[in-house]
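Chemist: What follows is a single structure, and I will ask about it in a moment.
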Amino acid sequence: MIPARRRGTPPPLRPEAPMSILPPVYARLTDHVAAAVRAAFPDLEAMPDVQVVRSKPDFPSDYQTAVAMQLAKPLRRAPRQIAEGIAEALRARTADLIATVDITGPGFLALTLSDAGLADVLAEQVASPRLGAPTLEGTVVIDFSSPNVAKQMHVGHLRSTIIGDALRRIGTFLGHTVVGDNHIGDWGTQFGQLIYAWNHWRDDDAYAADPVAELERLYVKFHQASALDDALNDAARAELAKLQAGDPTNRALWAKFRDDSQHAFDEVYDRLGVRFDETLGESFYHEMLAPLVDDLTARGLAERSEGAMCVFFRDENGEETLPPFLVQKKDGAFLYATTDLATIRYRKERWDPVRVIYVTDLRQRLHFQQLFATAAKMGIDTRLDHVWFGLMKLPEGSFSTRKGNVIALKTLLDEGEARARAVLEARNAEQDDALSAEEIDALAPMIGLGAIKYADLSNHPQTDVVFEFDKMLALNGDTAVYLQYTSARTHAVQRKAEAAGAPTPDGHPVHLEAPEERDLLLHLLDFGAAVHGAWENGRPSDVAHYLYQLATRYHRFYAKCPILKAEGALQASRLSLNALTQRALTAGLDLLGIEAPMRM
RNA sequence: GCCCCCAUAGCUCAGCCGGAUAGAGCACAGGAUUCCUAAUCCUGGGGUCGCAGGUUCGAAUCCUGCUGGGGGCACCA
């Protein structure tokens, strides 16, 4: 039985996470609380959804749960009285992990970990290769970036590329086999136009100098010319038909345009550190389209309407739940929808993925609702998620080729690096322990690209972004540089500690004196939850926020707690915190595709 | 016309499958370095969480309506 869903509501992106993949501390605490609830109220019919969360900074406890309030109604008793019962049972069975259980406010159970318990969970964290994140299995396909052949990559491509790459890294980190697939636009109408334009107006020298720029010029020129003379459109269609029929000349041109464009894409990807496992463009699927439509028709999933082949979505009353999805035009040509359906089917057959994630802008939301609904009709039960993000705009309005205000991705990256270099050089001039020229060469792209990526990734993806160089490349505040600086600090501490002969920290013992230390440690334990949440929600910004919080806590700890001047157990404990912070920062930044320098 | 998304501090945003006193950054005002990198830290002012109802022990968070902004809706991708 499929649960009723409101008209037009997309499928939920966050299914319930099974208990078993909670990070260690939370798994233990929830287990304890649940067991205490059972012990205190054996007659309880239904177990409530027990959630243990970190207490807010100003509250004295480490963790808290509102379970007593949730039980007030079924038990028909006062929350505080229920909390008493649970607290009693908790105290009786968890002295090793929980030091104190208090009842606060309307009936919250406030839990504070014992020193032994903290030492225990810390040791687990240190021993965990994934820093407490769960292990996930199966193959996941991520479809991202997807630029069009013959067009320059501009800042509008940045978000899909950066978010998709971060998701690819996060999924891989969590244990999935991830297939990053660049579904480039290398087929369709524009090729007939390009071939026509190439044959009539090409400038061979310009092409030799910058193929993509020349193709873009031809593309624009064709559109200007065809607006005045409709015969050009027929001519372009004829070239397209020849191409699709396998005409060797047009086929060779098409391959040339595609390959030369790919080189330009690769330059940008290399600079960004973005990798794909596959680049199966639309052309790869074109021979699968006719059989697909035949199949849809044969199975009664598609029907002819106003000359076109459509998939309709109707509920049991015959009401349309979504607008129709066109899979074939009346002239017989196939559409974006057709290719995407063929792609889903191909991916299912080749990889049998547990999940497929599409990263595109919000304008495609309806398309993906229709696509996923059709896939379901076809019997494809893979989890399909559309991770969508807001549009990139200029303060004065949207980007547009016609307005000539499109900013090439390359230009943005150059600008980022140049600004980072300028800051580095200015700082270096007034620093005692100066960086070498080689170090600056290495740091400028790390910092410049980090700033650009972080500006994008730290925003909730589903909001529009107003593109401003100054904001995007700001080098203070909640930015990548702040995180990178934190990383450099942990390395500096480590270097000096090693030079002074301090033993390598192993998370043993834990010796917490200042509240800043406890706060940092508890936050470190949340790494796995943050990464897993980011993955489930399709939202790398969760990792970015976690890291920012981590860096802030580390700096407070650093300002308050001397490390190298501390002695014995206290120093060992602080060095462990330092080391674990470094691991979490390095791993977390890597998940965002940002490098963590050892010195800056 | 129908559908979807958004509205939180002067600005940019976080928090949103309900949980205590709504948090950051920027900007503004002030302070901290005999001590591990001051790209840091601390303090301060700043809020009818768009408006009005509703559900609930509890609403920025869920529901309904309204206002304003953005996006989409048959042969583009």
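In terms of this note's numbering, the first sequence has 71 at position 63, counting the first letter as 1, and numbering is strictly consecutive. Glycine residues also receive a C-beta, built at the ideal position from the N, C-alpha and C atoms.
Please state the DSSP three-state secondary structure of Pro-516.
Modeler: Here residue 516 refers to the residue found at position 508 of the first sequence. The identity of residue 516 in the sequence shown is His, whereas the question assumes Pro. Reduced to three states, the DSSP call for His-516 is coil.
Chemist: Tell me the start and end of each unbroken beta strand (DSSP E) in the region 318-367 that is at least 3 residues and wholly inside, in chain order.
Modeler: For the region 318-367, whole beta strand (DSSP E) runs of length 3 or above, ordered along the chain, are 328-336.
Chemist: Please name the residue in Asn-258, Phe-67, Ala-452 and Arg-363 whose C-alpha comes closest to that of Arg-435.
Modeler: Taking the first sequence and counting its residues from 1, the one referred to as residue 435 is at position 427. Comparing Cα-Cα distances from Arg-435 to each of Asn-258, Phe-67, Ala-452 and Arg-363, the minimum goes to Ala-452.
Chemist: What residue ranges within the region 195-241 form continuous beta strand (DSSP E) runs of no fewer than 3 residues, ordered along the chain?
Modeler: You should have found no qualifying run.
Chemist: Can you tell me where the alpha helix (DSSP H) holding Lys-568 begins and where it ends?
Modeler: What you label residue 568 is simply residue 560 of the first sequence in a count that begins at 1. 549-568 is the span of the alpha helix (DSSP H), which, as asked, contains Lys-568.
Chemist: By Cβ distance below 6 Å, which residues in the same chain neighbour Tyr-556 in space, the five residues on each side in sequence not counted?
Modeler: Position 548 of the first sequence holds residue 556. Result list for Tyr-556: Asp-486, in chain order.
Chemist: Is Met-77 helix, strand or coil when you go by DSSP?
Modeler: As a first step, residue 77 must be located in the first sequence, where it is residue number 69. Here Met-77 sits in helix by DSSP.
Chemist: Is the beta carbon of Asp-151 sitting closer than 8 Å to the one on Ser-291?
Modeler: The residue given as residue 151 occupies position 143 in the first sequence. The residue given as residue 291 occupies position 283 in the first sequence. No, they are not a contact pair.
Chemist: What residues match up with Trp-7 in a beta bridge as DSSP calls it?
Modeler: In the structure as shown, the chain starts at 9 and stops at 608, and residue 7 therefore has no counterpart that could be examined.
Chemist: What is the DSSP secondary structure of Pro-26, counted as helix, strand or coil?
Modeler: Locating residue 26 in the first sequence gives position 18, counting from the first residue. For Pro-26, the predicted model reports a pLDDT of 41, less than 50, meaning its position is unreliable; a value from the coordinates is still stated below. Here Pro-26 sits in coil by DSSP.
Chemist: Roughly how many angstroms separate the alpha carbons of Glu-92 and Ile-111, rounded to a whole number?
Modeler: On the first sequence, residue 92 is found 84 positions in, with the first residue counted as 1. On the first sequence, residue 111 is found 103 positions in, with the first residue counted as 1. Near 7 Å, if we compare the C-alpha coordinates of Ile-111 and Glu-92.
Chemist: How far does the alpha helix (DSSP H) with Gly-188 in it extend, from its first residue to its last?
Modeler: What you label residue 188 is simply residue 180 of the first sequence in a count that begins at 1. No alpha helix (DSSP H) contains Gly-188, which is instead part of the beta strand (DSSP E) from 185-189.
Chemist: Please report the straight-line C-alpha distance between Phe-67 and Leu-130, rounded to a whole angstrom.
Modeler: As a position in the first sequence, residue 67 is number 59, starting the count at 1. As a position in the first sequence, residue 130 is number 122, starting the count at 1. The alpha-carbon atoms of Phe-67 and Leu-130 are separated by roughly 22 Å.
Chemist: Nearest to Val-61 by CA position, among Thr-73, Ser-69, Met-55 and Pro-50, is which residue?
Modeler: Counting from one through the first sequence, the residue named residue 61 turns up at place 53. Residue Thr-73 is the option with its Cα nearest to Val-61.
Chemist: Per DSSP, which one or two residues make a beta bridge with Thr-108?
Modeler: Locating residue 108 in the first sequence gives position 100, counting from the first residue. Thr-120, per the DSSP bridge assignment.
Chemist: Since Val-33 is in the alpha helix (DSSP H), which residue starts that stretch and which ends it?
Modeler: In the first sequence, residue 33 corresponds to position 25, counting from 1. First-last of the alpha helix (DSSP H) with Val-33: 32-48.
Chemist: Quickly, what does DSSP pair Tyr-71 with across the bridge? List them, please.
Modeler: Position 63 of the first sequence, counting from 1, holds the residue named residue 71. Per DSSP, Arg-62 and Leu-119.
Chemist: Quick check on the burial criterion: 16 or more other C-beta atoms within 10 angstroms. Buried or exposed for Met-55?
Modeler: For the purposes of this step, residue 55 is identified with residue 47 of the first sequence, where counting begins at 1. The residue in question, Met-55, is exposed, as its Cβ has fewer than 16 Cβ neighbours within 10 Å.
Chemist: Excluding the 5 residues flanking Gly-456 on each side, which residues of the same chain have their C-beta closer than 6 Å to its C-beta?
Modeler: As a position in the first sequence, residue 456 is number 448, starting the count at 1. Once the five neighbours on either side are set aside, the close Cβ partners of Gly-456 are Gly-424, Glu-425 and Ala-428.
Chemist: Could you check the C-alpha separation between Phe-265 and Gln-198 for me, to the nearest Å?
Modeler: Residue mapping note: residue 265 aligns to position 257 of the first sequence, counting from 1. Residue mapping note: residue 198 aligns to position 190 of the first sequence, counting from 1. In a straight line, the C-alpha of Phe-265 is about 11 Å away from that of Gln-198.
Chemist: Give the DSSP bridge partners of Thr-147, in chain order.
Modeler: Taking the first sequence and counting its residues from 1, one reaches residue 147 at position 139. Beta-bridge pairing links Thr-147 to Thr-185.
Chemist: Could you give the DSSP three-state label for Ala-505: helix, strand or coil?
Modeler: Taking the first residue of the first sequence as 1, we reach residue 505 at position 497. Three-state DSSP puts Ala-505 in a helix.
Chemist: Can you give me the Cβ contacts of Tyr-204 inside the same chain, cut-off strictly under 8 Å, excluding the 5 residues immediately before and after it?
Modeler: As a working note, residue 204 is residue 196 in the first sequence. Result list for Tyr-204: Phe-230, Leu-240, Ala-243, Ala-244 and Glu-247, in chain order.
Chemist: Have a look at Met-9 and Asp-303 and give me their C-alpha separation to the nearest angstrom.
Modeler: As a position in the first sequence, residue 9 is number 1, starting the count at 1. As a position in the first sequence, residue 303 is number 295, starting the count at 1. Because the pLDDT at Met-9 is just 26, under 50, the model does not fix this residue reliably, and the point stays unresolved.
Chemist: In chain order, what residues of the same chain lie with their CB nearer than 7 Å to the CB of Pro-23, ignoring the 5 residues before and after it?
Modeler: Here residue 23 refers to the residue found at position 15 of the first sequence. Interpretation of Pro-23 is limited by its pLDDT of 37, a score under 50 that renders its predicted location unreliable; the figure taken from the coordinates is listed afterwards. Around Pro-23: no qualifying Cβ.
Chemist: Determine the burial state of Leu-52: buried for a count of at least 16 other Cβ atoms within 10 Å of its Cβ, exposed for fewer.
Modeler: Residue mapping note: residue 52 aligns to position 44 of the first sequence, counting from 1. Per the 10 Å Cβ criterion, exposed.
Chemist: What are the boundary residues of the alpha helix (DSSP H) that Glu-275 is part of?
Modeler: Your numbering for residue 275 matches position 267 in the first sequence. Segment 256-280, the alpha helix (DSSP H) holding Glu-275.
Chemist: At the level of alpha carbons, what is the spacing between Asn-190 and Tyr-354?
Modeler: Along the first sequence, read from residue 1 onward, the residue named residue 190 stands at position 182. Along the first sequence, read from residue 1 onward, the residue named residue 354 stands at position 346. Their backbone Cα atoms lie some 14 Å apart in a straight line.
Chemist: Once you ignore the five residues that flank Arg-564 on each side, which residues in its own chain have a CB closer than 7 Å to its CB?
Modeler: The residue labelled residue 564 in the question sits at position 556 within the first sequence. Around Arg-564: Glu-524.
Chemist: Work out the CA separation of Leu-491 and Gly-125 for me, nearest whole Å.
Modeler: Taking the first sequence and counting its residues from 1, the one referred to as residue 125 is at position 117. Taking the first sequence and counting its residues from 1, the one referred to as residue 491 is at position 483. Spanning the two alpha carbons is a distance of roughly 29 Å.
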